[in-house]
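2 protein chains.
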Amino acid sequence: MPERPTLMTVAHAAGVSRQTVSNVLNAPDRVQALTRDRVQSVIDELGYRPSLAARQLRTRRSRTLGLRMEPERDGINGTVLDRFLHAVVARAQESGYRVLLYVADDDTGETRTHAELLDTAQVDAFVLTSTHHGDPRTAWLTGRGVAFSVFGRPWGEPAPVHAWVDVDGAAGTRAATEHLLANGHRRIAFVGWPPGSGVGDDRRAGWRQALVAEGLDPAAHDVPEQRCPDGVDAGEQAARSLLSGATAPTALVCASDSLALGALPLARAAGCAVVGFDDTPVAAAVGLSSVRQPLAEAARAALGHVLDELETPGRPPQVDLLAPELVVRASSSGPPD
Amino acid sequence: MPERPTLMTVAHAAGVSRQTVSNVLNAPDRVQALTRDRVQSVIDELGYRPSLAARQLRTRRSRTLGLRMEPERDGINGTVLDRFLHAVVARAQESGYRVLLYVADDDTGETRTHAELLDTAQVDAFVLTSTHHGDPRTAWLTGRGVAFSVFGRPWGEPAPVHAWVDVDGAAGTRAATEHLLANGHRRIAFVGWPPGSGVGDDRRAGWRQALVAEGLDPAAHDVPEQRCPDGVDAGEQAARSLLSGATAPTALVCASDSLALGALPLARAAGCAVVGFDDTPVAAAVGLSSVRQPLAEAARAALGHVLDELETPGRPPQVDLLAPELVVRASSSGPPD
DNA sequence: ATCCGGTTCTTGAACGATCCAACCACGCAG
DNA sequence: CTGCGTGGTTGGATCGTTCAAGAACCGGAT
Numbered sequence: 208m209p210e211r212p213t214l215m216t217v218a219h220a221a222g223v224s225r226q227t228v229s230n231v232l233n234a235p236d237r238v239q240a241l242t243r244d245r246v247q248s249v250i251d252e253l254g255y256r257p258s259l260a261a262r263q264l265r266t267r268r269s270r271t272l273g274l275r276m277e278p279e280r281d282g283i284n285g286t287v288l289d290r291f292l293h294a295v296v297a298r299a300q301e302s303g304y305r306v307l308l309y310v311a312d313d314d315t316g317e318t319r320t321h322a323e324l325l326d327t328a329q330v331d332a333f334v335l336t337s338t339h340h341g342d343p344r345t346a347w348l349t350g351r352g353v354a355f356s357v358f359g360r361p362w363g364e365p366a367p368v369h370a371w372v373d374v375d376g377a378a379g380t381r382a383a384t385e386h387l388l389a390n391g392h393r394r395i396a397f398v399g400w401p402p403g404s405g406v407g408d409d410r411r412a413g414w415r416q417a418l419v420a421e422g423l424d425p426a427a428h429d430v431p432e433q434r435c436p437d438g439v440d441a442g443e444q445a446a447r448s449l450l451s452g453a454t455a456p457t458a459l460v461c462a463s464d465s466l467a468l469g470a471l472p473l474a475r476a477a478g479c480a481v482v483g484f485d486d487t488p489v490a491a492a493v494g495l496s497s498v499r500q501p502l503a504e505a506a507r508a509a510l511g512h513v514l515d516e517l518e519t520p521g522r523p524p525q526v527d528l529l530a531p532e533l534v535v536r537a538s539s540s541g542p543p544d
Numbered sequence: 208m209p210e211r212p213t214l215m216t217v218a219h220a221a222g223v224s225r226q227t228v229s230n231v232l233n234a235p236d237r238v239q240a241l242t243r244d245r246v247q248s249v250i251d252e253l254g255y256r257p258s259l260a261a262r263q264l265r266t267r268r269s270r271t272l273g274l275r276m277e278p279e280r281d282g283i284n285g286t287v288l289d290r291f292l293h294a295v296v297a298r299a300q301e302s303g304y305r306v307l308l309y310v311a312d313d314d315t316g317e318t319r320t321h322a323e324l325l326d327t328a329q330v331d332a333f334v335l336t337s338t339h340h341g342d343p344r345t346a347w348l349t350g351r352g353v354a355f356s357v358f359g360r361p362w363g364e365p366a367p368v369h370a371w372v373d374v375d376g377a378a379g380t381r382a383a384t385e386h387l388l389a390n391g392h393r394r395i396a397f398v399g400w401p402p403g404s405g406v407g408d409d410r411r412a413g414w415r416q417a418l419v420a421e422g423l424d425p426a427a428h429d430v431p432e433q434r435c436p437d438g439v440d441a442g443e444q445a446a447r448s449l450l451s452g453a454t455a456p457t458a459l460v461c462a463s464d465s466l467a468l469g470a471l472p473l474a475r476a477a478g479c480a481v482v483g484f485d486d487t488p489v490a491a492a493v494g495l496s497s498v499r500q501p502l503a504e505a506a507r508a509a510l511g512h513v514l515d516e517l518e519t520p521g522r523p524p525q526v527d528l529l530a531p532e533l534v535v536r537a538s539s540s541g542p543p544d
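Chains as they are written, first to last, in our numbering: chain Z, 208 to 544; chain L, 208 to 544.
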């Protein structure tokens with residue numbers, strides 16, 4: 208079992224000093240081409256790799272990002288964050304960064320973990336998810352001058368200033384609604400979450416916009432909506448309530464795949480079209496039309512923000528709003544009965 | 208912005224030497240109670256936290272575990288690994304360990320990443336998932352003397368010797384089959400994967416055992432089976448094929464929720480019971496009976512193996528085989544038609 | 001011969017923790 | 001009074017890297 212080579216080992220074998228070897232790796236232009244090649248070949252031969260611990264101790268940079276694993280919720284919409292996580296890890300790896308995970312029960316716990324990870328110098332920056340009104344985490348990080356980007360817009364007034372990337376939910380539900388209108392539907396209901404959640408209100412807005420643009424009045428009685436907590440059961444109840452009326456809708460736009468999945472059996476039986484949101488694997492499995500978020504692009508953007516900020520601190524925070532894509536499947540491909 | 212306190216800062220403020228402060232943290236029994244309390248209060252007051260980079264440089268321990276993020280497959284069964292990942296992170300955090308993620312396209316790529324993570328001293332150990340016949344990863348790690356545990360049995364002959372934890376798949380399908388037998392079913396078919404996958408063969412074995420124990424002959428024509436690749440579409444085709452026969456089965460035991468989900472619509476229409484495997488969120492959403500894997504316990508076990516091995520190297524590898532639990536839902540609660 | 005600006009490389013000193021051996025005071029037996 | 005073991009504490013060395021400053025070299029102008 209050979210000893211792990213260090214800078215000194217390489218330096219000695221190549222007949223140069225430590226620092227020169229270090230320069231070959233970190234500032235190649237400071238070393239003569241001839242020397243550089245010689246050192247490099249010794250590095251390759253010995254299989255030398257710099258100790259990140261030592262480097263980190265000196266530079267105070269760990270080339271590691273912190274990311275929170277959310278407690279799984281209903282497990283359907285939860286897959287969105289898992290796919291985002293996967294994309295972030297892949298992107299980070301391409302740029303020579305690693306991703307360190309942690310779990311936290313709430314915002315306070317997460318901030319406590321942030322403090323610990325920073326104090327012990329384990330991470331350089333964070334990628335946050337699932338922001339909400341009055342989110343205390345972003346303020347804390349901004350106050351400490353930590354680089355971070357958020358997957359999710361800063362909701363609330365005045366909007367906190369920081370880097371973020373988000374998907375235009377309103378554009379998604381608007382596209383879904385326009386697609387249903389194009390298929391001949393006129394009574395298109397919305398199944399969403401109670402008012403107050405930024406994401407939910409945003410998705411509802413897109414549905415309204417499309418109806419108004421078509422000259423329909425969402426406030427009128429013939430274009431109803433249901434607001435309920437997220438979940439499959441809630442979706443089923445909402446569908447039951449909507450479809451039982453005399454002037455039942457012929458199509459449902461849902462704020463999530465969970466809601467849509469719950470509504471689907473009843474809607475199918477009634478010949479009512481359904482569109483979900485998030486394009487989770489389940490949607491593909493059961494033939495549910497859904498709005499797909501470009502998660503790989505979102506990960507790329509968030510990572511870009513963070514790495515740029517680390518490289519040139521103090522630059523104005525970047526923001527990105529990405530367009531989602533409607534995926535049409537059997538659940539919404541026909542005209543109204 | 209105050210400077211981060213170090214051991215020296217604390218030592219000076221408490222009127223003792225560096226080493227005493229270090230002992231308070233790492234070997235409290237070597238320090239007089241009075242001194243210990245005084246130092247501890249200074250630590251709390253200054254908010255001191257040891258630099259992990261420095262500690263790691265000296266001790267060659269990072270208190271970090273490596274874990275691979277699998278490329279998402281069909282996204283239904285994929286949630287199993289995500290839930291396992293979450294449980295591992297939570298458990299590790301309780302023990303003062305962190306989890307570092309990486310992605311790899313194949314076994315070779317993963318081994319390359321293992322080498323890099325070890326050479327740069329970023330992780331102490333690994334938790335692997337999804338072992339298969341002739342897996343090269345475990346042999347490599349064993350050869351380098353690296354601590355690791357695997358979620359999944361070592362398949363193949365002779366079985367590689369290392370720590371692992373797995374869920375008894377045969378027990379799961381056996382329980383599912385017995386449950387169907389108890390409900391009066393006699394023609395119970397199996398929908399599984401092609402022979403050769405350890406996990407798939409194991410799950411099939413449980414189904415056979417239960418039938419044989421009841422005096423039924425799985426080889427006879429009236430108890431058929433279908434072997435097909437995993438996926439929702441494949442499940443639907445398998446169900447179509449099975450249910451079209453003259454002596455169609457009254458119940459299906461499936462090797463995965465994906466297969467079960469595909470089979471479910473046709474089976475429902477034919478009054479045929481269905482049981483899936485993995486108890487993914489989708490199963491709960493659509494009322495599909497399924498076999499639940501105790502993922503939190505599996506994570507706890509895998510972590511226990513790894514931490515024990517790190518603490519006392521050379522101990523014989525531990526193994527755990529956990530019992531799954533059948534979750535009965537609407538898809539299998541009735542007697543045969 | 002002397003000086004000089006510029007490149008190329010080397011040397012000493014950190015970074016912040018732990019390991020090691022020496023040190024000290026103390027009580028106790030010879 | 002001396003010698004000795006012991007629990008508690010101390011300073012020095014060390015892990016492997018990067019930063020800051022200085023040394024060696026070289027061609028050209030004075």
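Think of the CB as a built atom: it goes at the ideal place given N, C-alpha and C, for glycine as much as any other residue.
Which of helix, strand or coil DSSP assigns to residue i
i: residue 283 of chain L; result: coil
i: residue 389 of chain Z; result: helix
i: residue 417 of chain L; result: helix
i: residue 423 of chain L; result: coil
i: residue 371 of chain Z; result: strand
i: residue 349 of chain L; result: helix
i: residue 210 of chain Z; result: coil
i: residue 454 of chain L; result: coil
i: residue 432 of chain L; result: strand
i: residue 356 of chain Z; result: strand
i: residue 172 of chain L; result: Missing from the structure shown is residue 172 of chain L; chain L here goes from 208 to 544 and no further.
i: residue 256 of chain Z; result: coil
i: residue 275 of chain L; result: strand
i: residue 246 of chain L; result: helix
Burial state of residue i, where buried means 16 or more other Cβ atoms lie within 10 Å
i: residue 284 of chain Z; result: buried
i: residue 360 of chain L; result: buried
i: residue 442 of chain L; result: buried
i: residue 456 of chain L; result: buried
i: residue 485 of chain L; result: buried
i: residue 236 of chain Z; result: exposed
i: residue 409 of chain L; result: buried
i: residue 516 of chain L; result: buried
i: residue 208 of chain L; result: Model confidence at residue 208 of chain L stands at a pLDDT of 49, short of 50, so the residue's coordinates are unreliable and nothing is read from them.
i: residue 437 of chain Z; result: buried
i: residue 289 of chain L; result: buried
i: residue 313 of chain Z; result: exposed
i: residue 262 of chain L; result: buried
i: residue 520 of chain L; result: exposed
i: residue 221 of chain Z; result: buried
i: residue 276 of chain Z; result: buried
i: residue 452 of chain L; result: exposed
Cβ-Cβ separation, residue j to residue i (assumed contact under 8 Å), whole Å
i: residue 509 of chain Z; j: residue 295 of chain Z; result: 7 Å
i: residue 356 of chain Z; j: residue 334 of chain Z; result: 6 Å
i: residue 353 of chain Z; j: residue 325 of chain Z; result: 7 Å
i: residue 532 of chain Z; j: residue 499 of chain Z; result: 5 Å
Mind pulling the alpha helix (DSSP H) runs of 4 or more residues that sit fully within the segment 285-341 of chain L? 285-301, 314-326
Below 8 Å between beta carbons is the criterion; list the residues of the segment 300-323 of chain Z that meet it against any residue of chain L, in chain order. 300, 305, 306, 307, 308, 309, 310, 323
Taking only runs that begin and end inside the segment 462-535 of chain L, name each unbroken alpha helix (DSSP H) of 4 or more residues, in chain order. 464-476, 488-493, 502-518
Can you list, in chain order, the residues of the segment 432-443 of chain Z whose Cβ is nearer than 7 Å to any Cβ on chain L? 439
Interface residues of the segment 235-260 of chain Z facing chain L [CB-CB below 9 Å]: 254, 255, 256, 257, 258, 259, 260
Could you list the residues in the segment 485-502 of chain Z with a C-beta less than 8 Å from some C-beta on chain L, going in chain order? 487, 488, 489, 491, 492, 493
Chain-ordered residues of the segment 465-484 of chain Z with a beta carbon less than 7 Å from chain L: 468
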